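Please read the structure below before turning to the comments.
Protein chains in written order, with full-length UniProt numbering: chain A, 1 to 427; chain B, 1 to 427; chain C, 1 to 427; chain D, 1 to 427.
Set out below in structure tokens:
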């Protein structure tokens, strides 16, 4: 049962959809890597300005913040992330990305919104538009936060350090959402830990190069790296309990320049996940132990170099705020479309906003795929194969009703906290 | 006992050395990849022209041929290769290379003459100069062949296809040499197989990408590649007899772009060696069997793609020509400095010239390192560690007497076949 | 708050303890493998007879059943398992086992009660004694079931097939318990799945033997087995979700008889676990895929042979019966000592009794270790290292209060279902 | 051209063959492990006694020596080894072994003469018989030495320590032979190193056992062993030059007793080979480095235990004696059947006799397989697959002419050193 206020604010959604679809397609075709989202930021800022927000750009390098001061009441922060990934799109969509960019190491790489941040940005742009258009129905201060560099580069912390909370004070509530490989129209959340802690490492294994025909004069970094990769599998298979979720992924591995030259070094990038910060530390310790010992086994000339690229703690929803928001979602979407979220092994720096402000935050998931296809795939045990997950080059959400649902969730969440200007009770 | 003729031709070597040293340093500082050796070719052509050769450029794209028609007599082909490698120099030499270039895949890579082709080119330039200056001491036709793209790209075959033998007819004898990690001043050769057959493969292992936190939705190409690399070690350790030399090297391995994204594919470049073409074929078959089965073990969505980048047969010296040349070397350098070469696992496309012409060819090795250091290292069992081999980023030949020795070998070889114009007997 | 009836039945426990301790030590020193527990069965039968039970031996080959018909009322089945393991005891206990036996393959092996079935049998013997002694306090029929061959050999199913339910009809409730590495005095249970589904496989990898010096004439089963073992680690690390508990353990691996002979075959025994029967099937499928493909990769002369040694489904507690029993435990032991059990990855064939009878069953865990040591170890994160788990050669429960607690649990469970003969209400 | 003397001595071979065939079949059906060859020794001693030899038993525990003092002249030692292997015969021969025995670890194992020592013993028994029968044709002292425990247990050294050379003084020449997978009727030898140096190690990897469902409480020795086995493959594939023959074989690997119990330890037996004692030492050092580092990588509670089971140096033939013997073989068998031996990677303790006596020794190989089958297999590149090598469970020499050839070789070798009593010149 949608509240009357919510109904009023959402009444212009239908009219806004064509513009949101155009925005989504535009962002999808122009993906930008962490801290280089300048085109994206400009477009989002332009729309906020049109909608009457006070707009701050360059917050956290390429972040954008819209402030709508709308009378007495709490400050609610709605957050979307906006960066893309170095993935080569293979969706076959008419509006698939063919963009390329330069990564931190100076390499030319393909770009894709493979994690759906284009959808996140579109949702928040839409919700900001509707809440601004319907501002007579609520009172308080709305912060629309478009965060750069969520993919491992610490954009949330960068915005906080860069004075985010100086723009309109500390928020009272922080909300955020993520598109997920579930049925479009579904909203999923849970109290407590919803997303994993994560750490990314860059490990350089030092060998000794030489001619490919004389391996006995070298310490072959390819073989050393291969042995490390297989040994790292045992951290999850043997060193963590079955009931203690953990992931160790070697996402990239680069060695050598030619078939007949043995290189000096191998570089691995490793990503770990757990739902408990202590487990994450144990994964780190095991990785260190293994790469060091493997280097000795290979007679390496020196120990590996291990750099921490980034580390995110668990994303934990405030229990009370989560329960209250779930009630609001149930009232709006119905119990059939408001489901308990599983703990997901993805990780986020969304939690940084609530932590830094010392206020409750809630994060939820919004399905983005053909319900029939998802349910058939689940029933037939083909979900993992048939529904490309976030970060896949084939990640391709459907536009409808996905666009609509994610706008509604943000509006419902904001209005669950904003009082009605007339009554002073929740909108 | 050096022949009088040889002595006469070599009499101007002392005066030529400063110029050769300058040429060597210049080439060393300007390494160029296969089929892009345009600066190198221009400089070598300029010197040939100065020395009175008829000069042909662009033979085999970037090859250079100097023809010196000097009366009746046989045609002798002296060959040097001129291409560099994508290796980052770490010699610490004052004249170390800092050059970079673009490889076949469009990547920006460091460049180095890590295989000593700069020395080869300098030697042949010097020998051509001396033989031209001393042309009254011999008669016949001299072909100075500067071959591009020896490192796996088939430059020899390209020159032959491009009409090399149309310039001055087929040669009667073909000679070539390589700098090796032995004592400077030493010359080593052998009848029969002197260098290995080799093949280079590019293998693409197809997985299925996804988010790093959800490996169960993917087929992880990093783990598949690691398993392939370790399994390939068994081809040599278990599938070839101990007395049947073979090498399988994975020189490069590239997967993925980020720690938290599982990529679709892994690309390996593999190089194999053997002293018998049949063994090389068995290595190829074993590699095919392993990569295909490993892909099945990993539940890969499709079989690996295997491309042959290049394949060189064994380099075999004509028995009689080799014995005769060894005699000439012994007479000139003394028995102490003329040694039997081991079979070396390196490979070459030098053999292509003799094979295509249907005439005898001989290939030999010239030491390029401090004799004291080499002998101490060998005695103490530290040779492999202390003397950086060809293709190492620390490969750093000493200039003297290396420059001199390699010029002398070519002059001795040529004059062993050219008659004296007065007597008609060997020069 | 212990009920009066329970208090009365337990009033003779103190006097019975010395005899139970003697029984435990005797069983501990005389471990017997699955289906060979003849000495154990004889001693347990002797005690049941002394206590006035109608005794049936040879039920399920070496199982023992005591029936006590004690008037109107439900039939309650209490079950203990009695078989030992082929493990060499390393506890250093004064009463450590030095026994040996012959396993199914005819090998002479060390024996140990490394899973605590000696404690289980002692508990049930004690509870049977007390319930018989206190029979005036309750009415109904008590079945004391000593099951053989729990460790992977299907003893529960064997007893059912062998007519267990013909002895005194189908039970109305089935109860069982297991000693666990928790603090002595604690009782832990949960509704729903409490123990994992499991499957054990024997996999024979076929190679081709030969002389150790000529591996090229063979297909080396040691290398094949090693590759399989490492690849099997990826089933958990890459093919199951982090939130989907699964275990794949290769418990035994045997190849060859001499250093210098390459054997024909390798034999692995693999054990898998999951809390969902569908996941267990996926593990099976992945193992089959991997061992078959690895055999192809190794050029094996024929595919591996895979035998299912045994397969147990999940152990699931009836929700209502579990809740009621938890209440009874809380009343007797207090809330501090009655805790929610985690799902444990161990598996059991206890569930077979309830399933076959079509009645509710509940299974729980009883701690058996020094509480101070367990809690210190947990606090310091050293639990896994300091508290030897079931199946460890160092598994050494403390006798007190462990002996007492496990007798009390069975008495409380039985009396929670037996009415008082006078009142007809729960005892 | 067989000498007249040789012809005379061999004239009774035809008559002796049925008895030799019976001896061979009897020995084949009664294989005995190292230092337990009591039945074998008794039968061989009985025959020597019948033939008039002075017989010494128990030399080197189970060795047998026959001495025939036959006048002036040199002492010639002919040696055969007599021990069998723990291999289960799969030849399908009518006279296949079904014997079993107890190995050093107390295990019951199948037994087979899988290395042909039954043939060696039969050959020497036959040659001793013929030389005794024809003693009027030569003069000198013949030592027929039946050595126990060649397969890694140091039987040769045991005989020397036990006073072998006190029985009839030091020999002047030592001869020995081995059956090989070549055409029956062929004899192969070479001056210098003919067989490899070898070492056998027993390596115990220490893990920490526990329940198969809780790997996180353990250090799994199966996974550790698998990782060690794969890493050991790199010693040959990466750490030895292609031109430097080396073999590292893990012949046996044993861990655990049940699918669902993780064991404490894994035991590997490793055998190494090289044609150079320095290379063998490098293999040893690499193995030590790898197993120690792998234990650290696995977080093992203590370092592995490494025991040297045995170590044999290279078997090197005296150059002059080898050349002279080759001449004698050519004269007798013809040049077509007397071939240069390859270096074989098998190893032997035969060299111990010559080394200890300080006299020349020569060792050679005798083919034992159907020539047509061997040559077809070689031609079609199926030799490794079609001709089961020594130590294979399918090793099955043909009896004719194998039996005859190996008797003739010993007679020819002995007579090449014994003078004719009349002339004093070589018999």
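Even glycine gets a Cβ: it sits at the ideal position worked out from N, Cα and C.
Just so we're clear, the structure is a prediction, and the values are computed from it rather than from any experiment.
- Message: Would you say residue 262 of chain C lies against chain D (beta-carbon separation less than 8 Å)?
- Response: In the third chain, counting from the first residue as 1, residue 262 of chain C sits at position 262. Closer than 8 Å to some Cβ of chain D, the Cβ of residue 262 of chain C qualifies, so yes.
- Contacts that residue 216 of chain D makes with chain A (C-beta to C-beta distance below 9 Å): Taking the first residue of the fourth chain as 1, we reach residue 216 of chain D at position 216. Chain A residues near residue 216 of chain D: 238, 239, 240, 241, 242, 244.
- Query: Does the beta-carbon of residue 93 of chain C have 16 or more other beta-carbons within 10 angstroms, so that it is buried, or is it exposed?
  - Reply: The residue labelled residue 93 of chain C in the question sits at position 93 within the third chain. Burial call: exposed.
- Message: Just verifying my parser: in three-state terms, what is the DSSP assignment at residue 186 of chain D?
- Response: As a position in the fourth chain, residue 186 of chain D is number 186, starting the count at 1. If DSSP states are grouped into helix, strand and coil, residue 186 of chain D belongs with coil.
- Task: Buried or exposed for residue 336 of chain A, please, with buried defined as at least 16 other CB atoms from any protein chain shown within 10 angstroms of its CB.
- Result: The count along the first chain starts at 1 and reaches residue 336 of chain A at position 336. Exposed, since its Cβ has fewer than 16 Cβ neighbours within 10 Å.
- Message: Short of 6 Å in beta carbon distance, which residues of its chain neighbour residue 1 of chain A, apart from the five on each side in sequence? Order them along the chain.
- Response: The count along the first chain starts at 1 and reaches residue 1 of chain A at position 1. Bear in mind that a pLDDT of 49 at residue 1 of chain A, under 50, signals an unreliable position, so the number given afterwards is only what the model happens to contain. For residue 1 of chain A, where only same-chain residues beyond five positions count, the Cβ hits under 6 Å are 331.
- Query: Can you list the residues of chain C that residue 289 of chain B reaches, using a CB-CB cut of under 8 Å?
  - Reply: For the purposes of this step, residue 289 of chain B is taken as the residue at position 289 of the second chain. Neighbours of residue 289 of chain B on chain C, chain order: 296, 297, 299.
- Item | Whole-angstrom distance between residue 6 of chain C and residue 415 of chain C, CA atom to CA atom | Within the third chain, numbered from 1, the residue matching residue 415 of chain C stands at position 415. Within the third chain, numbered from 1, the residue matching residue 6 of chain C stands at position 6. Going from the Cα of residue 415 of chain C to the Cα of residue 6 of chain C covers about 7 Å.
- Helix, strand or coil: how does DSSP classify residue 355 of chain D here? Here residue 355 of chain D refers to the residue found at position 355 of the fourth chain. Helix at residue 355 of chain D.
- Runs of beta strand (DSSP E) wholly within the segment 38 to 110 of chain D (minimum 3 residues, chain order): 54 to 59, 63 to 70, 75 to 81, 100 to 102, 108 to 110
- Give the range of the alpha helix (DSSP H) segment to which residue 278 of chain C is assigned. Here residue 278 of chain C refers to the residue found at position 278 when the third chain is read from its first residue. Residues 277 to 297.
- If you check the beta carbons only, do residue 368 of chain C and residue 361 of chain C fall under 8 Å apart? Position 368 of the third chain, counted from the first residue, corresponds to residue 368 of chain C. Position 361 of the third chain, counted from the first residue, corresponds to residue 361 of chain C. No; because the gap between Cβ atoms is not below 8 Å, this pair is not in contact.
- By a C-beta neighbour count over all protein chains shown, 10 Å radius and 16 as the cutoff for buried, is residue 251 of chain B buried or exposed? To locate residue 251 of chain B, count along the second chain from 1; it is residue 251. Counting Cβ neighbours within 10 Å, residue 251 of chain B comes out buried, since at least 16 surround it.
- Determine, using beta carbons only, whether residue 68 of chain C comes closer than 8 Å to chain D. For this step, residue 68 of chain C is matched to residue 68 along the third chain. False, the Cβ-Cβ gap to chain D never drops below 8 Å.
- Message: Once DSSP output is grouped into helix, strand and coil, what is the label at residue 263 of chain B?
- Response: Start at 1 with the first residue of the second chain, and residue 263 of chain B comes out as number 263. Coil.
- Item | Cutoff 6 Å; reference residue 72 of chain D; Cβ partners in own chain excluding five residues on either side | By 1-based counting over the fourth chain, the position of residue 72 of chain D is 72. Only 139 meet the Cβ criterion.
- DSSP state of residue 411 of chain C mapped onto helix, strand, coil: Position 411 of the third chain, counted from the start, is the residue given in the question as residue 411 of chain C. Helix.
- Query: Do you know offhand how far residue 305 of chain C's Cα is from residue 170 of chain C's?
  - Reply: Looking up residue 305 of chain C in the third chain gives position 305. Looking up residue 170 of chain C in the third chain gives position 170. The straight-line gap from Cα to Cα measures roughly 40 Å.
- Message: For a cutoff of 8 Å on Cβ pairs, would you count residue 163 of chain D as touching chain C?
- Response: Position 163 of the fourth chain, counting from 1, holds the residue named residue 163 of chain D. Answer no: the Cβ-Cβ gap between residue 163 of chain D and chain C never drops below 8 Å.
- Item | Alpha carbon of residue 31 of chain A to alpha carbon of residue 240 of chain B, nearest angstrom | Taking the first chain and counting its residues from 1, one reaches residue 31 of chain A at position 31. Taking the second chain and counting its residues from 1, one reaches residue 240 of chain B at position 240. Their Cα atoms are separated by approximately 51 Å.
- Message: Looking at residue 428 of chain D: is its Cβ nearer than 8 Å to the Cβ of residue 269 of chain D?
- Response: It is not possible to answer for residue 428 of chain D, since the shown part of chain D is limited to 1 through 427.
- Task: Check whether the Cβ atoms of residue 85 of chain A and residue 45 of chain A lie closer than 8 Å to each other.
- Result: What you label residue 85 of chain A is simply residue 85 of the first chain in a count that begins at 1. What you label residue 45 of chain A is simply residue 45 of the first chain in a count that begins at 1. No; because the gap between Cβ atoms is not below 8 Å, this pair is not in contact.
- Does any C-beta atom of chain C lie closer than 8 Å to the C-beta of residue 223 of chain B? One-based indexing of the second chain puts residue 223 of chain B at position 223. Yes, because at least one Cβ of chain C sits closer than 8 Å to the Cβ of residue 223 of chain B.
- Measure from the C-beta of residue 355 of chain A to each C-beta in chain C and report whether the shortest distance is under 8 Å. Taking the first chain and counting its residues from 1, the one referred to as residue 355 of chain A is at position 355. Not closer than 8 Å to any Cβ of chain C, the Cβ of residue 355 of chain A fails to qualify, so no.
- Any idea which residues DSSP pairs residue 142 of chain A with across the strands? Position 142 of the first chain holds residue 142 of chain A. Paired residues: A:68, A:76.
- Task: Please classify residue 419 of chain A: does DSSP put it in a helix, a strand, or coil?
- Result: The residue you call residue 419 of chain A lines up with position 419 of the first chain. Reduced to three states, the DSSP call for residue 419 of chain A is strand.
- Query: According to the neighbour-count rule (16 or more other Cβ atoms, all chains shown, within 10 Å of its Cβ), is residue 75 of chain D buried or exposed?
  - Reply: By 1-based counting over the fourth chain, the position of residue 75 of chain D is 75. Per the 10 Å Cβ criterion, buried.
- Extent of the continuous beta strand (DSSP E) run through residue 367 of chain D: Counted from its first residue, the fourth chain places residue 367 of chain D at position 367. Note, residue 367 of chain D: beta strand (DSSP E), 361 to 369.
- Task: Go through the segment 166 to 221 of chain D residue by residue and report every complete run of the beta strand (DSSP E) that reaches 3 residues or more, in order.
- Result: 173 to 183, 187 to 189, 192 to 195, 197 to 206
- Would residue 231 of chain A count as contacting chain D if we go by Cβ distances under 8 Å? In the first chain, counting from the first residue as 1, residue 231 of chain A sits at position 231. Yes, residue 231 of chain A lies at the interface with chain D (some Cβ there is under 8 Å from its Cβ).
- Residues bridged to residue 252 of chain D by DSSP? Position 252 of the fourth chain, counted from the start, is the residue given in the question as residue 252 of chain D. Looking at the DSSP assignment, residue 252 of chain D forms a beta bridge with D:269.
- Would you please state the rounded distance, in angstroms, between the beta carbons of residue 257 of chain C and residue 109 of chain D? I believe it to be under 8 Å. The residue you call residue 257 of chain C lines up with position 257 of the third chain. The residue you call residue 109 of chain D lines up with position 109 of the fourth chain. About 6 Å separates the two Cβ atoms, so the contact holds.
- Message: Please report the distance separating the alpha-carbon of residue 34 of chain D from that of residue 89 of chain D.
- Response: Taking the first residue of the fourth chain as position 1, residue 34 of chain D is located at position 34. Taking the first residue of the fourth chain as position 1, residue 89 of chain D is located at position 89. So the two alpha carbons sit approximately 17 Å from each other.
- Task: Label residue 147 of chain C either buried or exposed according to how many other C-beta atoms from any shown protein chain fall within 10 Å of its C-beta, with 16 as the threshold for buried.
- Result: As a first step, residue 147 of chain C is located in the third chain; it is residue number 147 there, counting from the start. Buried, because 16 or more other Cβ atoms sit within 10 Å of the Cβ of residue 147 of chain C.
- Message: For residue 302 of chain A, count the other beta carbons within 10 Å of its own beta carbon; 16 or more makes it buried, fewer makes it exposed. Which is it?
- Response: Reading the first chain from its first residue, position 302 is the one you call residue 302 of chain A. Per the 10 Å Cβ criterion, exposed.
- Task: Mind checking the segment 334 to 349 of chain B against chain D and listing, in chain order, the residues whose C-beta falls within less than 9 Å of any C-beta there?
- Result: 342, 343, 344, 345
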